[in-house]
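Asker: If you read the sequence shown in full-length UniProt numbering, its first letter stands for residue 1, the second for the next number, and so on.
Virtual Cβ for every residue (Gly too), placed ideally from N, Cα, C.
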Amino acid sequence: MPTHVHGDYKNGLIYLCLLNPGMQINDKEKFDNIKSYYEALSKKVEKGLTKEYGESDYYFYEQMDLEIKDNYRNLDKEMVKEYIYDEKTSILTKELLKIKYYLQENEFDKTWKKLKKKDDLTRNIYYIWHYFKKLLKESTYLNYNNLPDDYKLYGESKDKARGVTTNKVVNIELCPFRSKNANAVKKLSRTDYGKFSAYIIWYRIGKYLNDLEKDNNTEKPIFIFRSYCNKTSPDWKDILVDTLYEINKEEIDSEIIKEYIKVFEREYFYIFNSQNGMISKGNLSYFDKNNEKKK
1 MPTHVHGDYK NGLIYLCLLN PGMQINDKEK FDNIKSYYEA LSKKVEKGLT KEYGESDYYF
61 YEQMDLEIKD NYRNLDKEMV KEYIYDEKTS ILTKELLKIK YYLQENEFDK TWKKLKKKDD
121 LTRNIYYIWH YFKKLLKEST YLNYNNLPDD YKLYGESKDK ARGVTTNKVV NIELCPFRSK
181 NANAVKKLSR TDYGKFSAYI IWYRIGKYLN DLEKDNNTEK PIFIFRSYCN KTSPDWKDIL
241 VDTLYEINKE EIDSEIIKEY IKVFEREYFY IFNSQNGMIS KGNLSYFDKN NEKKK
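1. Nearest to PHE264 by CA position, among ILE128, LYS281, PRO221, is which residue?
2. How long is the line joining the alpha carbons of GLU251 and LEU174, rounded to whole angstroms?
3. Using a threshold of 8 Å, state whether the C-beta atoms of VAL169 and GLY7 are closer than that.
4. Alpha carbon to alpha carbon, how far is TYR268 from TYR203? Give it in angstroms, no decimals.
5. If you follow the alpha helix (DSSP H) that ASN210 is in, where does it begin and where does it stop?
6. Answer with buried or exposed for LYS94, where buried requires no fewer than 16 other C-beta atoms within 10 angstroms of its C-beta.
7. With burial defined as no fewer than 16 other Cβ atoms inside 10 Å of the residue's Cβ, what is the status of THR140: buried or exposed?
8. Alpha carbon to alpha carbon, how far is GLU259 from LEU97?
9. Within 10 Å of its beta-carbon, does ASP86 have 16 or more other beta-carbons around it, so buried, or fewer, so exposed?
10. Just curious, the beta strand (DSSP E) that LYS259 is in, first and last residue?
11. Classify LEU209 as buried or exposed, calling it buried when 16 or more other Cβ atoms lie within 10 Å of its own Cβ.
12. Going by the DSSP bridge assignment, what does SER285 pair with across the sheet?
13. Can you say whether ALA161 is buried or exposed, counting buried as having 16 or more other CB atoms within 10 angstroms of its CB?
14. Considering LEU240, what are the terminal residues of the beta strand (DSSP E) in which it resides?
15. Could you tell me whether the Cβ atoms of TYR15 and ILE172 are closer together than 8 Å?
16. From LEU19, THR243, SER90, LEU18, pick the residue whose C-alpha is nearest to that of TYR9; which is it?
17. How long is the line joining the alpha carbons of ILE201 and TYR126, rounded to whole angstroms?
18. Over what stretch of residues does the beta strand (DSSP E) that includes PHE223 continue unbroken?
19. For TRP236, which of TRP129, MET278, GLU255, TYR193 has the nearest alpha-carbon?
20. Compute the beta-carbon to beta-carbon distance between LEU284 and ILE224, rounded to the nearest angstrom, for a pair I have assumed lies under 8 Å.
21. Report, in whole angstroms, the separation of the C-beta atoms of PHE132 and ILE261, which I expect to be a contact under 8 Å.
22. Whose C-beta lies closer than 6 Å to the C-beta of LYS214 among residues of the same chain, with five residues either side of it excluded?
23. Quick one: residues in its chain with C-beta nearer than 7 Å to the C-beta of THR191, no 5 flanking neighbours on either side, listed in chain order?
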């Protein structure tokens, strides 16, 4: 099942813009059918959290995987929608709640040691391990060792919790499907799926500019890209150019659109320096006034 957008895309501040989803299951594992695949996923977590921890009924994807395994012939439509697109809870929030679960179960020390390996537990918090780990360890307010006592992210301590983490981090996949065939991903990224991802970026920049006219203290969003400009694979830049052309009803010359893109690159965009998608000072580049990438 695809995963496309997670987090408050209308108001986020850090947008992690990726090519297509990672998975908790090792690529080498083989399954006879869809049911056995989701059975394997669901084994990652046996117990879930109570509903007091959020507006959603699900806090781990594994809980959804259990639902798919048990009711795969008659799935709840709202659950399927939330699996693919969830503006209530970000990927980072879901995985921090998972760490909170480990803390509750007195498994934190063991978990931290295991996170140094590429095992099932590492894949169980895929996005923290691959993208946010250094950010969480370096930040004064996003810290494994100093997580707040109250984790009711949408409950009584809503304001406090949002100051710590949650939906200011938004995850967007250019293509919401995983495939071993690069051509399949490339074709799918040029469908409405990819266009929707690009439109989210244009919407958020437009909203920021409108809000800035009313309040000079409005925080500016940033967009961190993987596969931004590739010659041999699908990339974000092509889709952004195409959609901006469509937004302007094809009335502006495509070459002028490309000049607009350069402005957005300088103001809002960051690029990973390597295939390693870790968010850290040494792994991000920005565009200078000449639109050359600088570390």
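Answerer: The answer reads as follows:
1. As a first step, residue 264 must be located in the sequence shown, where it is residue number 264. Answer by Cα proximity: PRO221.
2. In the sequence shown, the residue the question calls residue 251 occupies position 251. In the sequence shown, the residue the question calls residue 174 occupies position 174. For GLU251 and LEU174, the distance between alpha carbons rounds to 25 Å.
3. Numbered from 1 along the sequence shown, position 169 holds the residue referred to as residue 169. Numbered from 1 along the sequence shown, position 7 holds the residue referred to as residue 7. In contact: VAL169 and GLY7 (Cβ atoms closer than 8 Å).
4. Start at 1 with the first residue of the sequence shown, and residue 203 comes out as number 203. Start at 1 with the first residue of the sequence shown, and residue 268 comes out as number 268. Answer to the nearest angstrom: the Cα atoms are 13 Å apart.
5. Looking up residue 210 in the sequence shown gives position 210. In the DSSP assignment, ASN210 falls within the unbroken alpha helix (DSSP H) covering 192–214.
6. In the sequence shown, residue 94 corresponds to position 94, counting from 1. Answer is buried; the Cβ neighbour count reaches 16.
7. Your numbering for residue 140 matches position 140 in the sequence shown. Below a pLDDT of 50, predicted positions are generally treated as unreliable, and THR140, at 41, falls in that range; no measurement from the model is reported.
8. Here residue 259 refers to the residue found at position 259 of the sequence shown. Here residue 97 refers to the residue found at position 97 of the sequence shown. The straight-line gap from Cα to Cα measures roughly 42 Å.
9. The residue given as residue 86 occupies position 86 in the sequence shown. Buried.
10. Start at 1 with the first residue of the sequence shown, and residue 259 comes out as number 259. The displayed chain sequence assigns Glu, not Lys, to residue 259. Here GLU259 belongs to no beta strand (DSSP E); instead the alpha helix (DSSP H) covers 254–268.
11. For the purposes of this step, residue 209 is identified with residue 209 of the sequence shown, where counting begins at 1. Per the 10 Å Cβ criterion, exposed.
12. The residue given as residue 285 occupies position 285 in the sequence shown. ILE271, per the DSSP bridge assignment.
13. Locating residue 161 in the sequence shown gives position 161, where the first residue counts as 1. Summary for ALA161: the model assigns pLDDT 45, below 50, so the residue's position carries little reliability, and this model does not support an answer.
14. Stepping through the sequence shown from its first residue, residue 240 is reached at position 240. Counting along the chain, LEU240 falls outside any beta strand (DSSP E), though it belongs to the alpha helix (DSSP H) covering 236–247.
15. As a position in the sequence shown, residue 15 is number 15, starting the count at 1. As a position in the sequence shown, residue 172 is number 172, starting the count at 1. Contact flag set, yes.
16. Here the question's residue 9 lines up with position 9 in the sequence shown. Closest option to TYR9, Cα to Cα, is SER90.
17. Your numbering for residue 201 matches position 201 in the sequence shown. Your numbering for residue 126 matches position 126 in the sequence shown. For the pair ILE201 and TYR126, the Cα-to-Cα distance works out to about 24 Å.
18. Counting from one through the sequence shown, the residue named residue 223 turns up at place 223. It spans 222–225 - the beta strand (DSSP E) in which PHE223 sits, taken as one unbroken run.
19. Walking along the sequence shown from the start, residue 236 turns up at place 236. Residue TYR193 is the option with its Cα nearest to TRP236.
20. The residue labelled residue 284 in the question sits at position 284 within the sequence shown. The residue labelled residue 224 in the question sits at position 224 within the sequence shown. Between ILE224 and LEU284 the Cβ distance is about 7 Å, and since that is below 8 Å, they are a contact.
21. Translated into positions along the sequence shown, residue 132 becomes position 132. Translated into positions along the sequence shown, residue 261 becomes position 261. The pair is not a contact, with the Cβ atoms about 27 Å apart (cut-off 8 Å).
22. Counting from 1 along the sequence shown, the entry for residue 214 is found at position 214. Cβ within range, chain order: n/a, list empty.
23. Along the sequence shown, one-based indexing puts residue 191 at 191. Answer for THR191: no residue qualifies.
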